[in-house]
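*Asks:*
In this note's numbering, the protein residues as written are 559 to 912.
Below, the structure is given as structure tokens:
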């Protein structure tokens with residue numbers, strides 16, 4: 559599996575045909591930007607008051623979230639029970655919104671393969687089949703880069719830059735956005751100004767911007783699902799679209815955040831893990847909406863004193879800086895102070911662990 563797919567063949571007439579196909583495909587492969595402000599204003603947390611620039615940041619972030627939810631639907635349709643999902647995107651864009659809790663913005667989709675595999679090549683081969691299915695179903699975008707070449711976007715790629723761990727496969731999908739990423743002509747290495755000019759006309763008509771960008775939606779696949787509790791559910795995302803998919807059970811996900819993040823002894827490395835602890839604390843607000851006894855079943859060897867120590871570390875300058883400056887937490891900061899957040903989650907954890 560390689561980076562964005564390039565192909566050759568054609569002339570001026572073929573360029574016109576490709577441009578028309580690009581225009582038609584774009585309408586179904588990007589979100590309607592006029593709807594994003596409407597969706598933003600319905601999100602939990604907005605009712606507490608956001609500044610205009612904060613609203614704009616959230617709106618821009620939702621464009622990438624739309625692509626993440628689209629990818630979730632496509633993967634679910636193709637793989638069925640072979641691939642199941644969890645992590646920040648599921649917790650925030652499905653469950654936080656469902657329970658009217660302000661979500662944190664996150665741009666990674668986490669998943670796990672249904673059985674243990676020893677080689678990443680097994681999953682890469684499966685993703686090659688997924689790419690073929692995407693092409694057959696018109697879920698890709700071909701963009702001309704000259705009169706004789708085109709590039710195919712919205713295909714899954716191996717993310718070699720992020721692939722660090724032996725039991726976790728990092729993948730990505732290049733998508734067109736209005737504001738985030740690299741300018742389209744730079745990303746696609748288009749040198750023919752006439753082609754750039756003609757594409758700008760198409761993009762302006764469909765997207766409302768002449769120079770859109772290309773960014774990556776990233777997702778990860780765990781090669782070892784041992785112990786993960788999964789279930790098939792019908793979910794509704796923050797765009798109002800229904801998704802029938804397999805997920806790691808909500809209780810198991812929250813227990814994992816307790817065991818491996820908030821309740822982990824980091825020692826001298828605590829400062830370097832504060833951001834992961836903060837993200838886990840934000841997600842653990844969902845403990846209010848689940849049976850704590852079910853969560854406790856999956857919590858492994860956690861000392862409450864370590865939990866207290868890690869939570870208090872968030873209130874120190876290093877933790878406050880992470881909380882204050884990250885726009886991903888804009889909606890949550892409108893409802894909670896950091897002290898309120900830590901205090902609430904500490905009480906929820908005490909109910910689980912004691």
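Quick reminder that beta carbons are idealized off the backbone N, C-alpha and C, glycines included. Source: prediction; values computed, not measured.
Please classify residue 689: is it buried, with 16 or more other beta-carbons within 10 angstroms of its beta-carbon, or exposed?
*Replies:* Taking the chain shown and counting its residues from 1, one reaches residue 689 at position 131. Looking at its Cβ environment, which holds 16 or more other Cβ atoms inside 10 Å, residue 689 is buried.
*Asks:* What number of angstroms, rounded off, separates the C-alpha of residue 726 from the C-alpha of residue 752?
*Replies:* The count along the chain shown starts at 1 and reaches residue 726 at position 168. The count along the chain shown starts at 1 and reaches residue 752 at position 194. Rounded to the nearest angstrom, the two C-alpha atoms are 43 angstroms apart.
*Asks:* Taking its Cβ as the centre, do 16 or more other Cβ atoms sit within 10 Å of residue 809, making it buried, or is it exposed?
*Replies:* The residue labelled residue 809 in the question sits at position 251 within the chain shown. That one is buried.
*Asks:* Look at the alpha carbon of residue 906 and the alpha carbon of residue 742, and state the distance between them as a whole number of angstroms.
*Replies:* Within the chain shown, the letter at position 348 stands for residue 906. Within the chain shown, the letter at position 184 stands for residue 742. Approximately 46 angstroms between the Cα atoms of the pair.
*Asks:* Where does residue 680 fall in DSSP's three states?
*Replies:* The residue you call residue 680 lines up with position 122 of the chain shown. Of the three classes helix, strand and coil, the one that applies to residue 680 here is helix, per DSSP.
*Asks:* Is any heavy atom of the ligand PLP found at a distance shorter than 7 angstroms from the C-beta of residue 674?
*Replies:* Absence of the ligand PLP from the depicted structure is noted, as is the absence of any ligand whatsoever, leaving it without description.
*Asks:* For residue 644, which residues in the same chain have their Cβ closer than 7 angstroms to its Cβ, ignoring the five residues on either side in sequence?
*Replies:* Along the chain shown, read from residue 1 onward, the residue named residue 644 stands at position 86. Result list for residue 644: 668, 805, 806, 811, in chain order.
*Asks:* Between residue 663 and the rest of its own chain, which residues show a CB-CB distance below 6 angstroms, the 5 nearest in sequence each way excluded?
*Replies:* Translated into the one-based positions of the chain shown, residue 663 becomes position 105. Excluding positions up to five away in sequence, the list reads 619, 886.
*Asks:* Is there contact between the segment 650-663 and the segment 870-889, where contact requires at least three CB pairs shorter than 8 angstroms?
*Replies:* Yes, the segment 650-663 is in contact with the segment 870-889.
*Asks:* Please state whether the Cβ-Cβ distance between residue 648 and residue 781 is less than 8 angstroms.
*Replies:* Sequence index remark: in the chain shown, residue 648 carries index 90 (1-based). Sequence index remark: in the chain shown, residue 781 carries index 223 (1-based). No.
*Asks:* Measuring only the C-alpha atoms, how far is residue 720 from residue 679?
*Replies:* For this step, residue 720 is matched to residue 162 along the chain shown. For this step, residue 679 is matched to residue 121 along the chain shown. Rounded to whole angstroms, residue 720 to residue 679 spans 16 angstroms at the Cα level.
*Asks:* Between 911, 666, 754, 601, which lies nearest to residue 658 when the distance is taken from Cα to Cα?
*Replies:* Walking along the chain shown from the start, residue 658 turns up at place 100. Nearest C-alpha to residue 658: 601.
*Asks:* With which residues is residue 773 paired in a DSSP beta bridge?
*Replies:* For the purposes of this step, residue 773 is taken as residue 215 along the chain shown, with counting starting at 1. Paired residue(s): 733.
*Asks:* Restricting to Cα atoms, I'd like to know which of 722, 763, 630 is closest to residue 577.
*Replies:* Your numbering for residue 577 matches position 19 in the chain shown. Selected option, being the one with the closest Cα: 763.
*Asks:* Sort 790, 585, 732, 835 by Cα distance to residue 864 and report the nearest one.
*Replies:* Position 306 of the chain shown, counting from 1, holds the residue named residue 864. Ranking 790, 585, 732, 835 by Cα distance to residue 864 puts 835 first.
*Asks:* Can you tell me whether residue 625 is buried or exposed? The criterion is at least 16 other CB atoms within 10 Å of its CB, across all chains shown.
*Replies:* Here the question's residue 625 lines up with position 67 in the chain shown. Buried: at least 16 other Cβ atoms inside 10 Å.
*Asks:* Determine, using beta-carbon pairs with one atom in the segment 834-852 and one in the segment 869-878, whether at least three such pairs fall under 8 angstroms.
*Replies:* As far as the Cβ criterion goes, the segment 834-852 touches the segment 869-878, which means the pair count is three or higher.
*Asks:* What is the C-beta distance between residue 903 and residue 842, in whole angstroms, given that I count them as a contact (C-beta under 8 angstroms)?
*Replies:* Looking up residue 903 in the chain shown gives position 345. Looking up residue 842 in the chain shown gives position 284. 5 angstroms between Cβ atoms; contact.
*Asks:* Is residue 795 near residue 735, with beta carbons less than 8 angstroms apart?
*Replies:* By one-based count along the chain shown, residue 795 stands at place 237. By one-based count along the chain shown, residue 735 stands at place 177. No, they are not a contact pair.
*Asks:* In angstroms with no decimal places, state the Cα-to-Cα distance between residue 786 and residue 621.
*Replies:* For the purposes of this step, residue 786 is taken as residue 228 along the chain shown, with counting starting at 1. For the purposes of this step, residue 621 is taken as residue 63 along the chain shown, with counting starting at 1. Each residue's Cα considered, the two are about 30 angstroms apart.
*Asks:* Shortest alpha-carbon distance to residue 730 belongs to which of 776, 635, 761, 595?
*Replies:* If you number the chain shown from 1, residue 730 lands on position 172. When only C-alpha atoms are compared, the closest one is 776.
*Asks:* Hey, how far is the Cα of residue 832 from the Cα of residue 629?
*Replies:* On the chain shown, residue 832 is found 274 positions in, with the first residue counted as 1. On the chain shown, residue 629 is found 71 positions in, with the first residue counted as 1. Approximately 29 angstroms, taken between the alpha carbons.
*Asks:* When you compare the CB positions of residue 587 and residue 699, do they come within less than 8 angstroms of one another, or not?
*Replies:* Numbered from 1 along the chain shown, position 29 holds the residue referred to as residue 587. Numbered from 1 along the chain shown, position 141 holds the residue referred to as residue 699. The answer is yes: Cβ separation under 8 angstroms.
*Asks:* Can you grab the Cα-Cα spacing for the pair residue 900 / residue 595, in whole Å?
*Replies:* To locate residue 900, count along the chain shown from 1; it is residue 342. To locate residue 595, count along the chain shown from 1; it is residue 37. Roughly 30 angstroms separates the two Cα atoms.
*Asks:* For residue 567, which of helix, strand or coil comes out of DSSP?
*Replies:* Counting from one through the chain shown, the residue named residue 567 turns up at place 9. Any reading at residue 567 needs caution, since the residue's pLDDT is 49, under 50, leaving its predicted position unreliable; the model's value is listed next. In the structure shown, residue 567 sits in coil (DSSP, three-state: anything other than H, G, I, E or B).
*Asks:* According to DSSP, is residue 901 helix, strand or coil?
*Replies:* Taking the first residue of the chain shown as 1, we reach residue 901 at position 343. The answer is helix: DSSP assigns residue 901 an H, G or I state.
*Asks:* Using 10 angstroms around the beta-carbon of residue 878, count the other beta-carbons present and answer buried if the total reaches 16, otherwise exposed.
*Replies:* Walking along the chain shown from the start, residue 878 turns up at place 320. Residue 878 comes out exposed.
*Asks:* Buried or exposed: residue 671, going by 16 or more other Cβ atoms within 10 Å of its Cβ?
*Replies:* Working through the chain shown from its first residue, we reach residue 671 at position 113. When all chains shown are included, residue 671 counts as buried.
*Asks:* Where residue 707 and residue 779 are concerned, what is the direct C-alpha to C-alpha distance, given to the nearest angstrom?
*Replies:* For this step, residue 707 is matched to residue 149 along the chain shown. For this step, residue 779 is matched to residue 221 along the chain shown. Looking at the two C-alpha atoms, the distance is approximately 32 angstroms.
*Asks:* Once the 5 residues before and after residue 567 are set aside, which same chain residues still bring their CB inside 7 angstroms of it?
*Replies:* Locating residue 567 in the chain shown gives position 9, where the first residue counts as 1. Summary for residue 567: the model assigns pLDDT 49, below 50, so the residue's position carries little reliability, and this model does not support an answer.
*Asks:* Indicate whether residue 803 and residue 820 have their beta-carbon atoms separated by less than 8 angstroms.
*Replies:* Your numbering for residue 803 matches position 245 in the chain shown. Your numbering for residue 820 matches position 262 in the chain shown. No, the pair does not count as a contact, with Cβ atoms beyond the cut-off.
*Asks:* Alpha carbon to alpha carbon, how far is residue 652 from residue 757?
*Replies:* Position 94 of the chain shown holds residue 652. Position 199 of the chain shown holds residue 757. C-alpha separation (whole angstroms): 35 angstroms.
*Asks:* Can you tell me whether DSSP reads residue 651 as helix, strand or coil?
*Replies:* One-based indexing of the chain shown puts residue 651 at position 93. If DSSP states are grouped into helix, strand and coil, residue 651 belongs with the helices.
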